[in-house]
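Chains as they are written, first to last, in my numbering: chain A, 37 to 149; chain B, 355 to 466. Glycine included, C-beta positions come from ideal geometry on N, C-alpha and C.
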Amino acid sequence: AQSVTQPDARVTVSEGASLQLRCKYSYSGTPYLFWYVQYPRQGLQLLLKYYSGDPVVQGVNGFEAEFSKSNSSFHLRKASVHWSDSAVYFCVLSLTGNYKYVFGAGTRLKVIA
Amino acid sequence: EAAVTQSPRNKVTVTGGNVTLSCRQTNSHNYMYWYRQDTGHGLRLIHYSYGAGNLQIGDVPDGYKATRTTQEDFFLLLELASPSQTSLYFCASSVTNQDTQYFGPGTRLLVL
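Laid out in structure tokens, this is it:
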């Protein structure tokens, strides 16, 4: 069955440090992959998406993600985090020819001074 | 920027009560979705629709009905609310079923 695993439920980093949030997916078809962010008391907002082509995709606010078919991964990165990046981040898999989004459980990021 | 609004933002009801959650999108998107968000589960799809009058069952439909009255409006109905339906509910819309989904701000429902 299709699934998305975000192995880190919580991550704490210092402001200005680099960040990697991990995402592994399980799907035999061609995956469409997304990262969404949820700020407190708000809905989810798209950070970036990958459909095909260059495996490194750029998103908003300095975020990028790298798709690896061999590792079934789609890790999110940022070179230098800001306190305002504190939020919950969701990795999402969209299945080819299907309505369905498969959500990871989310990673709660806390940025400390 | 796609706009999805939800009402009410917060709702308290009692067990057995009747609740309607409303969602409106103003971007003429074909697809609309209702999700619930619970700690440790991410978002789970309740129902979705690909146009006015259409309704499709999602992954956790039990206890929920939905209706898409127009291209813009999608409603979620809880006719006999139970405490297990206490959750944060999100509506979303998209142009196609694989495109970016745009989410509303959520409705927090408490069933006592």
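Exercise for the section: Check whether the Cβ of glycine 95 of chain A lies closer than 8 Å to any Cβ atom in chain B. Expected result: What you label residue 95 of chain A is simply residue 59 of the first sequence in a count that begins at 1. No, glycine 95 of chain A does not count as interfacial toward chain B.
Problem - Selection from B/Leu409, B/Asp416 and B/Tyr387 that minimises the alpha carbon distance to cysteine 377 of chain B - result: For the purposes of this step, residue 377 of chain B is taken as residue 23 along the second sequence, with counting starting at 1. With distances taken between Cα atoms, cysteine 377 of chain B lies closest to B/Tyr387.
Practice task
Please classify aspartate 416 of chain B: does DSSP put it in a helix, a strand, or coil?
Solution key: The residue labelled residue 416 of chain B in the question sits at position 62 within the second sequence. Residue state for aspartate 416 of chain B is assigned as coil, using DSSP reduced to three classes.
Practice task
Would you please state the rounded distance, in angstroms, between the beta carbons of glutamine 42 of chain A and glycine 142 of chain A? I believe it to be under 8 Å.
Solution key: Looking up residue 42 of chain A in the first sequence gives position 6. Looking up residue 142 of chain A in the first sequence gives position 106. Correct: roughly 6 Å between the Cβ atoms.
Exercise for the section: Please name the residue, chosen from B/Thr369, B/Asp427, B/Thr440 and B/His401, that lies closest to arginine 462 of chain B on a Cα-to-Cα basis. Expected result: Taking the second sequence and counting its residues from 1, one reaches residue 462 of chain B at position 108. Restricting attention to B/Thr369, B/Asp427, B/Thr440 and B/His401, the CA atom closest to the CA of arginine 462 of chain B is found in B/Thr440.
Practice task
Sort out for me which residues DSSP pairs aspartate 392 of chain B with in a bridge.
Solution key: Taking the first residue of the second sequence as position 1, residue 392 of chain B is located at position 38. In the DSSP assignment, the residues bridged to aspartate 392 of chain B are B/Gly396.
Practice task
Determine the closest residue to proline 459 of chain B out of B/Val449, B/Leu466, B/Val465 and B/Cys445, with distance taken between C-alpha atoms.
Solution key: Locating residue 459 of chain B in the second sequence gives position 105, counting from the first residue. Considering only alpha carbons, the answer is B/Cys445.
Practice task
Report all residues from its chain with a CB closer than 8 Å to the CB of glutamine 94 of chain A; omit the five preceding and five following residues, and keep chain order.
Solution key: Counting from 1 along the first sequence, the entry for residue 94 of chain A is found at position 58. When the five nearest sequence neighbours on each side are left out, the beta carbons in the same chain lying within less than 8 Å of the beta carbon of glutamine 94 of chain A are those of Leu84 and Glu100, in order along the chain.
Exercise for the section: Note down, in chain order, all residues in the segment 48-69 of chain A with a beta-carbon under 9 Å from any beta-carbon belonging to chain B. Expected result: For the segment 48-69 of chain A, which is checked against every Cβ of chain B, the residues closer than 9 Å are Tyr68.
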